[in-house]
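I have placed the structure first, in the form of structure tokens, so that the comments after it can refer back to it.
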Amino acid sequence: QPYMWPQVSQLQSFSYLCLALTSVAFIYDWPWLARVALMAPVILLFWQVREPDCRAALAERLYQELESELPKLQRGEAHEVIVQKLRFSREAVP
121 QPYMWPQVSQ LQSFSYLCLA LTSVAFIYDW PWLARVALMA PVILLFWQVR EPDCRAALAE
181 RLYQELESEL PKLQRGEAHE VIVQKLRFSR EAVP
């Protein structure tokens, strides 16, 4: 499932773009562009580590929780769903 974790896909695509920029920088002898292009994926990675949970992962967890409760929901019974978004920062997210 290539799109299950969009953060990985974004990081991979961005890394390839940065490698292309680095090759252009080597051809035209622009060392500053090569340095920036090689550091950019690392900066993106640190940004993604700050919030490791994406919408697709959250939706998958909701689906897995509600899938087992589907017969009760079809009968009209209530089911309380508690969802928390994963973060590594100090602030709490409901």
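Just so we're aligned, residue 121 is where the sequence shown starts under my numbering, counting upward by one.
Glycine included, each C-beta is placed from N, C-alpha and C at the ideal position.
Looking at the structure shown, is residue i part of a helix, part of a strand, or coil, going by DSSP?
i: Glu189; result: coil
i: Arg195; result: coil
i: Glu171; result: coil
i: Trp152; result: helix
For residue i, I'd like the list of residues in its chain whose CB is within less than 7 Å of its CB, leaving aside the five on either flank, ordered along the chain.
i: Leu131; result: Pro161, Leu164, Leu165 and Gln168
i: Ala154; result: Thr142, Ala145 and Phe146
i: Tyr136; result: none
Which two residues bound the contiguous alpha helix (DSSP H) that contains residue i?
i: Val201; result: Per DSSP, Val201 belongs to no alpha helix (DSSP H) and is neither H nor E.
i: Tyr136; result: Pro126 to Ile147
Can you say whether residue i is buried or exposed, counting buried as having 16 or more other CB atoms within 10 angstroms of its CB?
i: Ala157; result: buried
Can you give me the Cβ contacts of residue i inside the same chain, cut-off strictly under 6 Å, excluding the 5 residues immediately before and after it?
i: Ala198; result: none
Note down, in chain order, each residue of its chain lying with its Cβ closer than 8 Å to the Cβ of residue i, except the 5 sequence neighbours on either side.
i: Val201; result: Leu182, Glu185 and Leu186
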